[in-house]
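Residue numbers (full-length UniProt numbering), protein chains in the order written: chain A, 1 to 129; chain B, 1 to 129.
Here a beta-carbon is modelled for each residue, glycine too, at the ideal position from N, C-alpha and C.
Data block below; observations after.
Protein chains: 2
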Amino acid sequence: MRIGELAEAAGTTTKTLRFYEEQGLLPPAERTPSGYRDYTPDVVGRVDFIHRGQAAGLTLAQIGQILEIRDRGNAPCGHVRDLLDARLADLEDQITQLVELRDTITALRDRADDLEPETCSADQVCRYL
Amino acid sequence: MRIGELAEAAGTTTKTLRFYEEQGLLPPAERTPSGYRDYTPDVVGRVDFIHRGQAAGLTLAQIGQILEIRDRGNAPCGHVRDLLDARLADLEDQITQLVELRDTITALRDRADDLEPETCSADQVCRYL
DNA sequence: GTTGACCTTCCCCCGTACTGGAAGGTCCAG
DNA sequence: CTGGACCTTCCAGTACGGGGGAAGGTCAAC
């Protein structure tokens with residue numbers, strides 16, 4: 001397959017595929033005599049794997065690590081499990097912080113309704129922050 | 001105050017203060033005859049305001065808008081309220097998405113415990129993704 | 001008078017995941 | 001043999017909030 005076909009099959013762009021190759025997520029493709037990249041169809045699966053990793057909130061660097069382990073012939077499951085565990089812990093933190101932030105902002109916001117317009121004059125610091 | 005004192009008082013760095021000035025968040029400071037920036041102590045409050053805005057999840061550009069309105073002598077409260085409302089809506093979306101992501105990853109993760117190590121061989125796509 | 005801490009401007013760099021565009025080569029249909 | 005669609009490399013830019021470090025000026029203490 002040429003790069004355009006692969007991009008279509010995998011739901012991405014040629015730019016992105018070249019970028020993945022440059023980042024080490026895709027192995028350098030075979031080339032036709034004229035220099036075009038020539039992919040085997042199984043690369044579609046690899047790109048899908050990358051997309052699933054992204055959907056799980058992993059960075060390209062982390063996905064690259066997993067693929068590297070797999071390419072060396074080892075089972076990356078342990079590493080993936082560790083990454084997912086770490087990602088879960090991060091998510092819990094992020095959610096906690098966002099909820100706190102939401103509550104803080106809601107409280108700030110609700111104070112607005114108690115203010116007379118005149119108490120909110122320009123020579124005072126705005127009450128909301 | 002010189003820039004180093006202001007940085008210390010406001011809990012930031014001289015680099016950041018010059019960056020804020022460049023971005024229009026701080027007005028160009030007075031200069032001593034030798035060219036040093038010379039701040040009045042009330043700028044500490046302005047930097048604190050910026051920090052509170054950041055803590056509320058506003059971007060520097062949004063904080064800059066608020067300060068600009070305030071500097072023109074108007075009460076920015078209405079604008080701040082709008083920004084906070086928009087930020088609240090964003091937060092709700094972000095929280096929803098993160099919770100979904102967490103549940104997805106948890107489900108992926110829990111599948112791990114049902115797998116025999118042998119079923120997770122290297123020649124198969126890792127089960128977790 | 002010299003050391004050291006501080007200040008100035010300047011430009012480039014970090015990470016993240018791409019995207020845009022220029023200049024040129026290739027392939028196939030008409 | 002020409003047009004258009006595709007491919008190649010390379011360079012640069014996006015948004016965000018700064019950080020690093022060079023080359024040079026200034027100020028107070030010793």
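Endpoints, the alpha helix (DSSP H) within which residue 7 of chain A is located: For residue 7 of chain A, the uninterrupted alpha helix (DSSP H) segment begins and ends at 3-10.
Three-state secondary structure assigned by DSSP to residue 71 of chain A: Here residue 71 of chain A sits in helix by DSSP.
Using the beta-carbon count (16 or more within 10 Å), is residue 62 of chain B buried or exposed? The residue is buried, with at least 16 neighbouring Cβ atoms inside 10 Å.
Quick one: grab the DSSP three-state call for residue 42 of chain A. Residue 42 of chain A: coil per DSSP, three-state reduction.
What do you get for residue 36 of chain B, buried or exposed, if any count of 16 or more other CB atoms within 10 angstroms of its CB means buried? Residue 36 of chain B should be labelled exposed.
Since I believe residue 88 of chain B is in contact with residue 109 of chain A (beta carbons under 8 Å), could you give me their beta-carbon distance rounded to a whole number of angstroms? That pair is a contact at about 7 Å.
Name, going along the chain, the residues of the segment 78-93 of chain B whose beta-carbon falls closer than 8 Å to a beta-carbon of chain A. So the list reads 80, 81, 84, 85, 87, 88, 91 and 92, given in the order they occur along the chain.
Extent of the continuous alpha helix (DSSP H) to which residue 20 of chain A belongs: Where residue 20 of chain A is concerned, the enclosing alpha helix (DSSP H) stretches over 14-22.
Quick check on residue 3 of chain A - is its C-beta less than 8 Å from some C-beta in chain B? For residue 3 of chain A, not one C-beta of chain B is nearer than 8 Å to its own C-beta.
For the segment 95-111 of chain B, which residues have a beta carbon sitting closer than 8 Å to at least one beta carbon of chain A? Here the close residues are 95, 98, 99, 101, 102, 104, 105, 106, 108 and 109.
Using 8 Å for Cβ pairs, my map puts residue 91 of chain A next to residue 17 of chain B. What's the rounded Cβ distance? Between residue 91 of chain A and residue 17 of chain B the beta-carbon gap is near 34 Å, outside 8 Å, which marks them as no contact.
Rounded to the nearest angstrom, how far is the Cβ of residue 60 of chain B from that of residue 23 of chain B, given a contact under 8 Å? Rounded, the Cβ-Cβ distance is 6 Å, consistent with contact.
Does DSSP put residue 109 of chain A in a helix, a strand or coil? Helix at residue 109 of chain A.
Quick check on residue 56 of chain A: buried or exposed, where buried means 16 or more other Cβ atoms within 10 Å of its Cβ? By the neighbour-count rule (16 or more Cβ atoms within 10 Å), residue 56 of chain A is buried.
Looking at C-alpha atoms only, which residue of B/106, B/93, B/101 and B/105 is the closest neighbour of residue 102 of chain A? Closest option to residue 102 of chain A, judged by alpha-carbon separation, among B/106, B/93, B/101 and B/105: B/93.
Could you check if residue 53 of chain A is buried or exposed, using at least 16 other CB atoms within 10 Å of its CB as the buried criterion? Answer is buried; the Cβ neighbour count reaches 16.
Please report how far the alpha carbon of residue 14 of chain B lies from the alpha carbon of residue 20 of chain B, in whole angstroms. Spanning the two alpha carbons is a distance of roughly 10 Å.
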